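One structure is given here, and the rest of the page talks about it.
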Ligand SMILES: O=C(O)CC[C@@H](O)C(=O)O
Ligand SMILES: [Zn+2]
């Protein structure tokens with residue numbers, strides 16, 4: 055059972071009575087019925103790539119893990135309706151490839167796409183790198199199939215873009231992290247494939263310039279702007295240390311970088327032209343200091359690899375304290391300035407690994423120990439550091455979880471930052487749909 059009991063970051067290992075591996079939604083329903091009859095808690099699990107301990111059991115050993123991995127079929131694809139219907143255990147990359155083979159795009163894209171599954175993406179309302187243009191997983195889902203906490207199979211696999219027939223149950227299960235029921239299938243939206251996607255790495259002096267560049271790029275490029283990621287020089291140095299084979303384009307270092315992606319429904323020529331004009335404008339207005347534009351798919355991929363290896367480089371460096379936060383885009387530079395000051399005043403020398411989906415107002419504000427300090431020892435400061443960072447998030451009316459969810463890791467933080475009015479509505483929903491409290495207990499609430 056070992057791989058099902060430990061989280062991706064290796065931070066926590068739970069215990070379980072058993073790992074259940076049903077083959078189809080009917081078997082999931084039967085298993086949930088049996089668990090309900092015997093009051094056995096269930097922990098639904100997809101690819102187990104989550105970062106907030108949402109898909110591993112606690113240490114009581116009283117629960118079973120319900121793996122959806124064998125529910126891995128693409129059920130149907132409708133190129134005219136532009137939808138794909140899939141099992142919950144389908145690997146995200148398999149869905150992307152099936153869409154591509156039909157000349158369509160399924161835009162959800164994140165570093166774990168080779169091993170995460172769509173059920174987990176839906177259950178956490180995963181974000182990733184294409185949210186700016188296509189939205190979160192929630193926006194990409196039209197219908198769901200769910201096994202309720204009573205073990206009934208709800209067929210909500212509607213392939214409709216409009217459906218105003220009462221409470222939106224689909225949206226309740228999305229982002230519920232398996233605490234209300236088990237998602238077993240989904241109807242997802244597909245999009246036309248862009249003709250070209252061009253990437254650039256733009257060097258800037260500070261996060262404030264990233265916001266100016268974002269406004270400029272959105273004004274100039276509109277919906278063609280499909281990616282906008284910020285990363286500090288420290289992040290790229292970390293990648294260079296742990297993945298020296300990845301080429302770093304800048305010889306002279308700059309303080310911050312923006313990875314910018316433009317997609318065109320017209321042609322590569324159009325995308326390159328638009329990107330070059332935008333960057334030239336940014337340099338003329340002193341927003342950007344320098345830039346490299348990828349001139350081939352391989353070069354584009356190499357730039358994205360630098361970005362996607364930041365969490366891997368952090369994992370290789372040792373344990374760190376992660377914050378996945380959302381802010382109004384306009385507050386990002388002020389947030390970084392003021393929070394850096396506060397964290398560094400309390401923990402001189404600690405390493406701030408700040409990067410993320412700035413186009414969506416989503417930062418990964420990760421804190422690692424000062425060089426030479428044992429990473430394990432540093433985790434003792436987790437609560438105090440969370441307090442500084444999350445209080446700062448609250449001061450800017452942000453959110454303590456943008457795209458990773460709450461799981462068990464941030465449950466106490468959620469209690470601190472949500473109002474009683476909101477928490478009580480959430481508890482009422484939980485009690486109504488899962489009165490026995492067997493669905494992923496201890497997660498979120
Ligand atoms: O490890 C992190 O903090 C972020 C992981 C992921 O959301 C990413 O954007 O790469
Ligand atoms: Zn992210």
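Numbering (the numbering used here), first residue to last: 55 to 499. For every residue, glycine included, the Cβ atom is placed at its ideal position computed from N, Cα and C. All of these numbers come straight from a predicted model, not from anything done at the bench.
Residue environment, residue i, which counts as buried when at least 16 other CB atoms sit within 10 Å
{"i": "residue 134", "result": "exposed"}
{"i": "residue 233", "result": "buried"}
{"i": "residue 306", "result": "exposed"}
{"i": "residue 186", "result": "buried"}
{"i": "residue 479", "result": "exposed"}
{"i": "residue 203", "result": "buried"}
{"i": "residue 481", "result": "exposed"}
{"i": "residue 221", "result": "exposed"}
{"i": "residue 357", "result": "buried"}
{"i": "residue 469", "result": "exposed"}
{"i": "residue 400", "result": "exposed"}
{"i": "residue 183", "result": "buried"}
{"i": "residue 246", "result": "exposed"}
{"i": "residue 475", "result": "exposed"}
{"i": "residue 142", "result": "buried"}
{"i": "residue 77", "result": "exposed"}
{"i": "residue 55", "result": "exposed"}
{"i": "residue 398", "result": "exposed"}
{"i": "residue 209", "result": "exposed"}
{"i": "residue 316", "result": "buried"}
{"i": "residue 331", "result": "exposed"}
{"i": "residue 418", "result": "buried"}
{"i": "residue 72", "result": "exposed"}
{"i": "residue 430", "result": "exposed"}
{"i": "residue 416", "result": "buried"}
Heavy atom of ligand 1 within 6 Å of residue i beta-carbon
{"i": "residue 420", "result": "yes"}
{"i": "residue 464", "result": "no"}
{"i": "residue 423", "result": "no"}
{"i": "residue 365", "result": "yes"}
{"i": "residue 376", "result": "yes"}
8 Å contact criterion, which residue i and residue j should meet: CB distance rounded
{"i": "residue 257", "j": "residue 311", "result": "6 Å"}
{"i": "residue 139", "j": "residue 211", "result": "6 Å"}
{"i": "residue 137", "j": "residue 196", "result": "6 Å"}
{"i": "residue 114", "j": "residue 99", "result": "Actually they do not touch by this definition, with Cβ atoms about 17 Å apart."}
{"i": "residue 381", "j": "residue 471", "result": "Contact flag wrong, Cβ pair sits at about 13 Å."}
{"i": "residue 275", "j": "residue 407", "result": "Going by Cβ atoms, the distance from residue 275 to residue 407 rounds to 29 Å, so no, they are not a contact pair."}
{"i": "residue 497", "j": "residue 456", "result": "About 18 Å; that fails the 8 Å criterion."}
{"i": "residue 120", "j": "residue 97", "result": "7 Å"}
{"i": "residue 396", "j": "residue 453", "result": "Actually they are not in contact, since the Cβ atoms of residue 396 and residue 453 sit about 19 Å apart, beyond 8 Å."}
{"i": "residue 149", "j": "residue 128", "result": "7 Å"}
{"i": "residue 201", "j": "residue 303", "result": "With 8 Å as the limit, residue 201 and residue 303 do not qualify as a contact, their Cβ atoms being about 48 Å apart."}
{"i": "residue 250", "j": "residue 198", "result": "With a Cβ gap of about 33 Å, residue 250 and residue 198 do not count as contacting."}
{"i": "residue 286", "j": "residue 409", "result": "7 Å"}
{"i": "residue 393", "j": "residue 443", "result": "6 Å"}
{"i": "residue 95", "j": "residue 69", "result": "Their Cβ separation, rounded to whole angstroms, is 12 Å, which puts residue 95 and residue 69 out of contact at 8 Å."}
{"i": "residue 252", "j": "residue 329", "result": "5 Å"}
Margin query: As a quick check of your reading: which residues have a C-beta less than 7 Å from at least one non-hydrogen atom of ligand 2, in chain order?
Written below: Per the Cβ criterion, the list is 164, 181, 182, 378, 410, 411, 416, 418 and 457.
Notebook entry, point to check: Which runs of the alpha helix (DSSP H) fall wholly inside the region 367-403 and span at least 4 residues, in chain order?
Noted result: 386-400
Next item on the list: Could you tell me which uninterrupted beta strand (DSSP E) segments, each at least 3 residues in length, are contained entirely in the region 86-154, listed from first to last along the chain?
Entry: 96-99, 118-121, 128-132 and 137-141
Next item on the list: Jot down the residue ranges of each uninterrupted beta strand (DSSP E) in the region 228-267, minimum 3 residues, whole runs only, in chain order.
Entry: 235-243 and 250-258
Margin query: Just to confirm the assignment: which complete beta strand (DSSP E) runs, minimum length 3, are found wholly within the region 293-375?
Written below: When DSSP assignments are scanned along the region 293-375, the uninterrupted stretches of beta strand (DSSP E) that are 3 or more residues long and fall wholly within it turn out to be 310-318 and 344-347.
Next item on the list: Taking only runs that begin and end inside the region 141-228, name each unbroken alpha helix (DSSP H) of 4 or more residues, in chain order.
Entry: 146-155, 172-177, 185-188 and 223-227
Item checked: Secondary structure, alpha helix (DSSP H): runs of 4+ residues fully inside the region 417-497 -> Listed in chain order, the complete alpha helix (DSSP H) runs (minimum 4 residues) inside the region 417-497 are 429-432, 436-449, 465-471 and 474-487.
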